[in-house]
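Here the structure comes first, spelled out in structure tokens, and everything after it is commentary.
In the working numbering, the protein residues as written are 231 to 468.
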């Protein structure tokens, strides 16, 4: 899927401002090696591709007992959310970086938070996502969320997931097929479907893999097996 020229220009500017950090964290849980075998774990800006993560808001709200009054799940929320932006995660071919060291404190200004609240309706999540994942992109908060928002908006959500009023039971592969049909260039090995742990087989999120320039690409690592192949439970928008 080709990227529009304005978004390419935006990304070029953002990536040009990546922070180069000569720091290697100790006691890493995840590691990645370049072709020369050199460890490059958890260094800002050094990764292979992105995962654009979109969570199914009704599932989150159903299990989020602390969020009854928040902007995503509370009764006073602006709308009933479905697939919302959860994050943009730098990835290695094996594993992923997190909480990368940056020259500046990973502070997300209020104007940046406000700019994505309509697609990522949780202030706490926005701040956490930048600290854990955004710092590893090498992008400033404003650039990181500008790119994440643009790429999220570029994904076409199949019609039955836009505002469902009834519970659905859907096989994970069927959901993948619907997204593939709706988004030219996307293939089944370029996305993952994630379910909640346990016996519920409930849709939690999808992850779409993208190159650093925003093109669809295959996902690295092993396929996720959190979803049983049988039909999964997809709660309705409320």
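The beta carbon of each residue, even a glycine, is placed where N, CA and C say it ideally should be.
Select from 335, 328, 271, 462 the residue whose C-alpha is nearest the C-alpha of residue 399. Nearest of 335, 328, 271, 462 to residue 399, Cα basis: 462.
Go through the segment 349–396 residue by residue and report every complete run of the alpha helix (DSSP H) that reaches 4 residues or more, in order. Here the runs fully enclosed are 353–359, 371–384.
With burial defined as no fewer than 16 other Cβ atoms inside 10 Å of the residue's Cβ, what is the status of residue 435: buried or exposed? Looking at its Cβ environment, which holds 16 or more other Cβ atoms inside 10 Å, residue 435 is buried.
Within its chain, find whatever has a CB closer than 7 Å to the CB of residue 391; leave out the 5 residues flanking it on each side and keep chain order. Cβ within range, chain order: 312, 313.
Check whether the Cβ atoms of residue 375 and residue 356 lie closer than 9 Å to each other. With contacts defined as CB atoms closer than 9 Å, residue 375 and residue 356 qualify as a contacting pair.
Under the three-state DSSP convention, the category residue 443 falls into: It is coil, neither helix nor strand.
Does the distance from the CB of residue 318 to the CB of residue 281 come in under 9 Å? Contact flag set, yes.
Closer than 8 Å: is that where the CB of residue 413 sits relative to any heavy atom of the ligand MN? This structure simply doesn't include the ligand MN, nor any ligand for that matter.
Give me the residue from 336, 382, 466, 344 with the minimum Cα distance to residue 366. Among 336, 382, 466, 344, the Cα nearest to that of residue 366 belongs to 336.
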